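K.L.:
Per the UniProt record's numbering, the sequence shown runs over residues 1 to 276.
We put the CB at the ideal spot given by N, CA and C, even for glycine.
Just so you know, these numbers come straight off a predicted model, no measurement behind them.
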Amino acid sequence: MSTPPPTGPLVTRDTLAAQLLELGVQPGETLLAHSSLSSLGWVNGGAVTVVQGLLDALGPDGTLVVPTQSGDLSDPALWSNPPVPEEWWSPIRATMPAYDPLVTPSRGVGVIPETVRTWPGALRSAHPQTSFAALGPRAAQIVEGHAPDCRLGERSPLARLEDLDARVLLLGAGYDTCTSFHLAEYRIPSPLVEVGRPVRTPQGTTRWEVVTEVSVDSDRFDELGSDFERDRPVVRGPVGAADVRLFPVADAVAYAERWLALHRPRDEWVIPGTVS
1 MSTPPPTGPL VTRDTLAAQL LELGVQPGET LLAHSSLSSL GWVNGGAVTV VQGLLDALGP
61 DGTLVVPTQS GDLSDPALWS NPPVPEEWWS PIRATMPAYD PLVTPSRGVG VIPETVRTWP
121 GALRSAHPQT SFAALGPRAA QIVEGHAPDC RLGERSPLAR LEDLDARVLL LGAGYDTCTS
181 FHLAEYRIPS PLVEVGRPVR TPQGTTRWEV VTEVSVDSDR FDELGSDFER DRPVVRGPVG
241 AADVRLFPVA DAVAYAERWL ALHRPRDEWV IPGTVS
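1. According to DSSP, is Ala166 part of a helix, a strand, or is it coil?
2. Could you tell me whether the region 88-105 touches the region 45-61, using the rule of 3 or more Cβ pairs below 8 Å?
3. As a quick exercise: from Thr30, Val84, Ala252, pick the residue whose alpha carbon is nearest that of Arg232.
4. Are Leu152 and Leu158 closer than 8 Å when you measure CB to CB?
5. Let's see if you can read the secondary structure: which residues bound the beta strand (DSSP E) around Val193?
6. Would you mind working out which of Ala250, Arg200, Gly110, Val65 sits nearest Ala134, comparing C-alpha positions?
7. Looking at C-alpha atoms only, which residue of Ile92, Val214, Asp165 is the closest neighbour of Thr63?
8. Counting only the same chain and skipping the five closest in sequence on each side, list residues whose C-beta sits under 6 Å from that of Ala126.
9. Which whole-angstrom value is the C-beta distance of Thr12 and Val51, which I expect to be below 8 Å?
10. When the Cα atoms are used, what is the spatial distance from Pro27 to Gly59?
11. Under the three-state reduction of DSSP, which class applies to Thr3: helix, strand or coil?
12. Which one of Thr68, Pro9, Glu185, Ser215 has the shortest CA to CA distance from Ser106?
13. Note down, in chain order, each residue of its chain lying with its Cβ closer than 6 Å to the Cβ of Val195, except the 5 sequence neighbours on either side.
14. Just verifying my parser: in three-state terms, what is the DSSP assignment at Ser180?
15. Per the DSSP calculation, Trp42 is bridged to which residue(s)?
16. Use the C-beta contact count for Ala261: other C-beta atoms within 10 angstroms, 16 or more gives buried, fewer gives exposed.
17. In whole angstroms, what separates the C-alpha of Asp163 from that of Pro248?
18. Between Glu209, Gly121, Tyr186, which lies nearest to Pro148 when the distance is taken from Cα to Cα?
19. What ranges does the beta strand (DSSP E) occupy inside the region 17-95, keeping only unbroken runs of at least 3 residues that lie completely in it?
20. Answer with yes or no whether the minimum CB distance from Ile142 to chain C is below 8 Å.
21. Would Gly240 and Leu23 be called neighbours here (beta carbons separated by less than 8 Å)?
22. Just to confirm before moving on: does the CB-CB distance between Leu169 and Leu224 stay below 8 Å?
23. Taking C-alpha atoms, which residue in Phe181, Leu31, Ser131 lies nearest to Leu171?
24. Below 8 Å on the Cβ atoms is my contact criterion, and I expect residue 277 with Tyr186 to pass it. Report the Cβ-Cβ distance as a whole number of Å.
25. Considering only the beta carbon of each residue, do Ser35 and Ile142 sit closer than 8 Å?
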């Protein structure tokens, strides 16, 4: 049985950069990109081409930021997809490798962020579960100081991006991936949750630690995003086959603060152990 030909469109480095600029990406700006490679069409060169096209559009003065989360560094008691036997929990905690920003792979965010993470010159923040990677002249300013007990709050790269007037690029991704909405959860009354993960000690060994964190939940972010797009200016357009959105981080955070306070009553709070 023969493999059917690709449906396209054909996406190249040049066409991707040109369409991003036509959409409104500004050379020299800072972009927080959430992406879906499969949404773009047939990309000649895959994720490498997408990163090259993004960097071409931003130019040498621009900075590209992506989420490089590693939520698998978490308490096995909370795993559900799939769960593991209870008798495994203790040995998993005792032997799970600690986070290393240079080698720990990202998980659940797609191949484009993983490509950025391993790109020459990329810098990555220190949080063991919700790190961000960045390329460009503002990379260090964005990723430094990511506190180990602040996944997506005031001491995370999201707050630095807000300060820098960065914009969010949803490159074929939905609002359910929009990490900027999580920053709003830290600015309204929110439940707390205990979060476990392995950490490296100064002696080079690994130990299990538990920290108290703001609970984060993206279950209604698609609904939040739809209302945000209805009420606030959001640039929309095609890049390849993907539907792409572009908007300021600060706008998303401010809108989400108001929306979540109204639409997430206490009896609907979900307290997950890891970021969804």
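P.N.:
According to the data block:
1. coil
2. no
3. Ala252
4. yes
5. 192-200
6. Val65
7. Asp165
8. His146
9. With 8 Å as the limit, Thr12 and Val51 do not qualify as a contact, their Cβ atoms being about 13 Å apart.
10. 5 Å
11. coil
12. Thr68
13. Val211, Glu213
14. helix
15. Leu10
16. exposed
17. 11 Å
18. Glu209
19. 30-35, 63-67
20. You won't find chain C in this structure, because it holds only one protein chain.
21. no
22. no
23. Leu31
24. This structure does not reach residue 277, given that the chain is present from 1 up to 276, and the question cannot be answered.
25. no
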